[in-house]
Amino acid sequence: MESFATLLDTLVLTRSRNGKLSLIARYLRESPDPDRGWALAALTDGLDFPAVKAGTIRALMAERVDEVLWALSRDYVGDTAETASLLWPQPEGGVAPPPGMGEVVDTLRRTTRATAPTVLAGLLDRLDSSGRYALLKLATGAMRIGISARLAKVAFAQAFEVAVDDVEEVWHGQDPPYLPLFDWAMGKALLPRTDLLPVFRPFMLAHPLEETLVSLDEYVAEWKWDGIRVQLVHVEGETRLYSRGGDDISSTFPEVAAALTAGGVLDGELLVRGTHQGGEKGGAASFNALQQRLGRKTVSKTMLADYPAFVRLYDILIDGGEDLRALPWDQRRARLELFAKRLDPQRFDLSCVIEAKDMDELAEIRAKARDDAIEGIMLKRRDSPYVAGRRTGLWYKWKRDPLLVDCVLMYAQRGSGKRSSFYSDFTFGCWDGDPDAGAELLPVGKAYFGFTDDELKWLDHHVRQHTTARFGPVRETDKSLVFEVAFDSIHASKRHKSGVAMRFPRISRIRRDKPAHEADRLDTLKALISDPV
Amino acid sequence: MGIRIVPADAWIDPARPVQSALVTHGHADHARGGHRRTIATHATLAIMAVRYGVTEGAHQVSYGESVNLRGGVTATFITAGHVLGSAQILLEYAGERVVVTGDYKRRPDPTCSPFEVTPCDIFITEATFGLPVFRHPPIAGEIGKLLDARQTFSDRSILVGAYALGKAQRVIAELRAAGFHEPIWLHGAMERMCRLYEEQGVALGDLRLVADAPKAALAGAIVICPPSALNDRWSRRMPEPLTAMASGWMRVRQRAVQRNVELPLVISDHADWEELTTTIAQVNPAETWITHGREEALLRWCQLNQRSARALALVGYEDEDD
Numbered sequence: 005m006e007s008f009a010t011l012l013d014t015l016v017l018t019r020s021r022n023g024k025l026s027l028i029a030r031y032l033r034e035s036p037d038p039d040r041g042w043a044l045a046a047l048t049d050g051l052d053f054p055a056v057k058a059g060t061i062r063a064l065m066a067e068r069v070d071e072v073l074w075a076l077s078r079d080y081v082g083d084t085a086e087t088a089s090l091l092w093p094q095p096e097g098g099v100a101p102p103p104g105m106g107e108v109v110d111t112l113r114r115t116t117r118a119t120a121p122t123v124l125a126g127l128l129d130r131l132d133s134s135g136r137y138a139l140l141k142l143a144t145g146a147m148r149i150g151i152s153a154r155l156a157k158v159a160f161a162q163a164f165e166v167a168v169d170d171v172e173e174v175w176h177g178q179d180p181p182y183l184p185l186f187d188w189a190m191g192k193a194l195l196p197r198t199d200l201l202p203v204f205r206p207f208m209l210a211h212p213l214e215e216t217l218v219s220l221d222e223y224v225a226e227w228k229w230d231g232i233r234v235q236l237v238h239v240e241g242e243t244r245l246y247s248r249g250g251d252d253i254s255s256t257f258p259e260v261a262a263a264l265t266a267g268g269v270l271d272g273e274l275l276v277r278g279t280h281q282g283g284e285k286g287g288a289a290s291f292n293a294l295q296q297r298l299g300r301k302t303v304s305k306t307m308l309a310d311y312p313a314f315v316r317l318y319d320i321l322i323d324g325g326e327d328l329r330a331l332p333w334d335q336r337r338a339r340l341e342l343f344a345k346r347l348d349p350q351r352f353d354l355s356c357v358i359e360a361k362d363m364d365e366l367a368e369i370r371a372k373a374r375d376d377a378i379e380g381i382m383l384k385r386r387d388s389p390y391v392a393g394r395r396t397g398l399w400y401k402w403k404r405d406p407l408l409v410d411c412v413l414m415y416a417q418r419g420s421g422k423r424s425s426f427y428s429d430f431t432f433g434c435w436d437g438d439p440d441a442g443a444e445l446l447p448v449g450k451a452y453f454g455f456t457d458d459e460l461k462w463l464d465h466h467v468r469q470h471t472t473a474r475f476g477p478v479r480e481t482d483k484s485l486v487f488e489v490a491f492d493s494i495h496a497s498k499r500h501k502s503g504v505a506m507r508f509p510r511i512s513r514i515r516r517d518k519p520a521h522e523a524d525r526l527d528t529l530k531a532l533i534s535d536p537v
Numbered sequence: 388m389g390i391r392i393v394p395a396d397a398w399i400d401p402a403r404p405v406q407s408a409l410v411t412h413g414h415a416d417h418a419r420g421g422h423r424r425t426i427a428t429h430a431t432l433a434i435m436a437v438r439y440g441v442t443e444g445a446h447q448v449s450y451g452e453s454v455n456l457r458g459g460v461t462a463t464f465i466t467a468g469h470v471l472g473s474a475q476i477l478l479e480y481a482g483e484r485v486v487v488t489g490d491y492k493r494r495p496d497p498t499c500s501p502f503e504v505t506p507c508d509i510f511i512t513e514a515t516f517g518l519p520v521f522r523h524p525p526i527a528g529e530i531g532k533l534l535d536a537r538q539t540f541s542d543r544s545i546l547v548g549a550y551a552l553g554k555a556q557r558v559i560a561e562l563r564a565a566g567f568h569e570p571i572w573l574h575g576a577m578e579r580m581c582r583l584y585e586e587q588g589v590a591l592g593d594l595r596l597v598a599d600a601p602k603a604a605l606a607g608a609i610v611i612c613p614p615s616a617l618n619d620r621w622s623r624r625m626p627e628p629l630t631a632m633a634s635g636w637m638r639v640r641q642r643a644v645q646r647n648v649e650l651p652l653v654i655s656d657h658a659d660w661e662e663l664t665t666t667i668a669q670v671n672p673a674e675t676w677i678t679h680g681r682e683e684a685l686l687r688w689c690q691l692n693q694r695s696a697r698a699l700a701l702v703g704y705e706d707e708d709d
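Residue numbers (our numbering), protein chains in the order written: chain V, 5 to 537; chain L, 388 to 709.
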């Protein structure tokens, strides 16, 4: 546990990607099995101890620290695990030596909700503050230390000098502590087979199209649909639906999973039937509608009837037993079209290719996308193979321009992670009428990005200087500062007092020049709603 | 802007020029120039003279010495253990005793005299590290980390960000106490204060200026600079600098991350939570007033311990670098 704790501490303080990679690689090379496997699982979010929740930590601390002192400390530190690790009272007298990773994992796995507090307390007593931090991060499964699963896999590849694509490929068929994976990487065993298992393959992703010039001779255009990206896998009579991060969401969309009966791996957008995106012809409802279905463990018949889901297919990775990923996009597309003919049209359709003679015409088509409530356009190189992650030059997303409104800063809260202690989460509002005639501000959204580090410092200072009231960790400001807020779309919402909900709001500019009473009114926002559900 | 002693028409640590000022210690947020009359310890006046030029109307006091102010108020300067020359000020008026701590700590410090517990009716305490998460570890361990880093990265220079007054000299003195006798390199802004400490009898060993050093001499060297220089262009003249910072804030990981610090050293010249609460208990005043810092938590502690307390909202004291 101590060497893992040291690894976490140094990772937190290491800025450069290469520095992080070599720290993780060295740890993986030098630590014994199964410790390093558990550590790798922790870094890639592959560990889950259902009996231990953030609430378990809070409850443990509530028995030891006054609630007000806890709240003030947590607010300052910006991280529950770290706050608890710093506040934990070191036991008097002798304790057992610090536990190893293996012991920690075994103990936490055997733990039930009822025993979790005692078990966790026993482990915490045997560690110093660094060790306690590592333990609590591990136990609650939320590392949030700026290490992506991808980075950990690259480090694994670097540690043992194997190809990262091979690591990605076999990864999802493996369970922690990944002993076969280490054996393979160290040359002691063959690559584990995955072709007979319904495992997840990493998605191919797109870069935003910014200054890049592309030609339609080399690239093909498709609509960018606003649902959730899914991968469908059917092997040996079993179907799995995976989300972007590789989570299995088959049980949330049983009708889609049941409809795929042909062997293969498909990439597409999960949507709900409707007429919002792209009108009658587009056939897809807004993201808002899809949201009604997300995150549910059981799905009622009414849900299935009211929000029927389907997948709009983008790509095919594997056809039957044949891996197509190395083929160019246009050949895969031809195979996808053939494959799609065998599928239930109620549950599957093809993402159509947009016909345009050149980029100028495509730009015009894109400009109309807002009327059709479509998020934007995808550009895919005709000869691109299907590769994991974001590769420069292969796929681009070309989103439509955002909508802009001027809002007034109302409340601010401190951020977490690298923004801890800075007031960086902002709630802003618009006027519910004429501000000069006594109208009030109603909150319309919340944003915590879009500004530079220097602007963040300025905003933090502004909040501290213009605080009028405090509600726990939230500060109310004097409502004098105007933000230009950018967002992708806006929807009617019954959950918000303002009656609207923004999608992807971010601070686009700080309008120090603009007086608050000139900010936009709610009516302006409501006029931008395109799906009055 | 400081604490006003109404019957004496004088101020403690005023932020703006006044007729009569009592100054607890030489840090810039407490000691300002331009007062008609400045009452402070010998070392504090020497520090102020270096910073603002020789003060007109300087009145020097020794520890334990009392000064009669106007209106029947007596002020006594008592050691605070914060930095060289730092003092608590005991005010006596009409049979009542008030202690203003200024900044203080309870840990041993080879560069200044230790804090003395002084019984009083009203205890006005600082609260810079007034949150229970702040527990400063023993300094020997932190100095050990610094020396270990020097061993591990023998081709890099170890750049230590530290307050020019107090922290820098304490780190140097502790390094010497740990048996490190090689030259310690200084950023130009550190020189005057280090020299002043030596003049006041605090031995700091072989100190040299970075400006005079060939780059090669700085590999494996310990360099002390102000925190603001850590990420400044100035630091690029070092061979692969390893950024360390000596500060009580380093206890919290994200504070270190936000300052680009690779080697956090939890070394503070302020009282930590344990020291603050222990001190209040030992002084055992009828009332505790809490000034600059995290007043809310200490206020809560007083409430939980059935102690009468209130927060004084003083602005202008900032210790982001301590």
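The C-beta atom is built at its ideal place from N, Cα and C for all residues, glycine as well.
All values derive from a computational prediction rather than experimental measurement.
By the criterion of a C-beta distance shorter than 6 Å, residue 445 of chain L is surrounded in its chain by 425 and 432, once the five residues flanking it on both sides are discounted. Burial check for residue 655 of chain L: the Cβ neighbour count within 10 Å reaches 16 or more, so the residue is buried. With respect to the C-alpha of residue 469 of chain V, the residue from V:481, V:527, V:476 and V:475 having the closest C-alpha is V:481. Judged by beta-carbon spacing, residue 610 of chain L lies within the 9 Å limit of residue 546 of chain L, meaning their Cβ atoms are closer than that value. Residue 584 of chain L: member of the alpha helix (DSSP H) spanning 578-586, first to last residue.
With a cut-off of 8 Å on Cβ pairs, the segment 552-560 of chain L is in contact with the segment 578-594 of chain L, counting three or more such pairs. Neighbours of residue 80 of chain V in chain L, taken as residues at a C-beta separation under 8 Å, are given in chain order as 518, 520, 639 and 681. Residue 689 of chain L sits in a helix when the DSSP states are folded into three classes.
For residue 21 of chain V, no Cβ of chain L is located within less than 9 Å of the residue's own Cβ. Residue environment analysis places residue 521 of chain V among the exposed positions, since fewer than 16 neighbouring C-beta atoms fall within 10 angstroms of its C-beta. In the three-state reduction of the DSSP assignment, residue 409 of chain V falls in the strand class, which pools E and B. Remark: fewer than three beta-carbon pairs, one from each stretch, lie closer than 8 Å, so the segment 320-338 of chain V and the segment 276-288 of chain V are not flagged as touching. A contact between stretches requires three or more CB pairs, one per stretch, nearer than 8 Å, and the segment 619-635 of chain L fails this requirement with the segment 482-491 of chain L. Taking 9 Å as the CB threshold, residue 649 of chain L lines the interface with chain V. At least one C-beta of chain V is nearer than 9 Å to the C-beta of residue 691 of chain L. Separation of residue 404 of chain L and residue 419 of chain L (C-alpha to C-alpha, rounded to the nearest whole angstrom) is 7 Å. In the structure shown, residue 106 of chain V falls within a helical segment according to DSSP collapsed to helix, strand and coil. Within the same chain, 220, 225, 366 and 369 come within 7 Å of residue 360 of chain V by CB-CB distance, once the 5 residues on both sides are set aside. Chain order gives the chain L residues near residue 17 of chain V as 640, 643, 644, 648, 649, 650 and 651, where near means a beta carbon separation below 8 Å. Residue 473 of chain V and residue 296 of chain V have their C-alpha atoms roughly 36 Å apart.
At a cut-off of 9 Å between C-beta atoms, residue 684 of chain L counts as an interface residue with respect to chain V.
About 18 Å separates the Cβ atoms of residue 488 of chain V and residue 429 of chain V, ruling out a contact at the 8 Å cut-off.
According to the DSSP assignment, residue 222 of chain V belongs to no beta strand (DSSP E), since it is labelled neither H nor E.
In the assembly as shown, residue 473 of chain L is a buried residue. Its beta-carbon has 16 or more other beta-carbons within 10 Å. When CB distances to chain V are screened at a threshold of 8 Å, not a single residue of the segment 413-441 of chain L falls below it.
If you check each beta-carbon in the segment 425-459 of chain V against every beta-carbon of chain L, the ones closer than 9 Å belong to 425 and 426. Residues of the segment 55-84 of chain V whose Cβ lies closer than 8 Å to any Cβ of chain L, in chain order: 69, 70, 72, 73, 76, 77, 80, 81, 82 and 83. Beta-bridge partners of residue 235 of chain V (DSSP): V:246 and V:271. Residue pairing from DSSP places residue 434 of chain V in a beta bridge opposite V:446. Within the same chain, and ignoring the five residues on either side of residue 377 of chain V in sequence, the residues whose Cβ sits closer than 6 Å to its Cβ are 280, 281 and 534.
Taking a Cβ-Cβ threshold of 7 Å, none of the residues of chain V is close to residue 694 of chain L; the smallest such distance is about 14 Å. Less than 9 Å separates the beta-carbon of residue 516 of chain L from that of residue 658 of chain L.
Between the alpha carbons of residue 594 of chain L and residue 503 of chain L lies a distance of about 31 Å.
Look at the beta carbons and you see the segment 408-419 of chain L touching the segment 434-441 of chain L: at least three pairs across the two are nearer than 8 Å.
Within 10 angstroms of the beta-carbon of residue 262 of chain V lie fewer than 16 other beta-carbons, which makes it exposed. Not one beta carbon of chain V lies nearer than 9 Å to the beta carbon of residue 398 of chain L.
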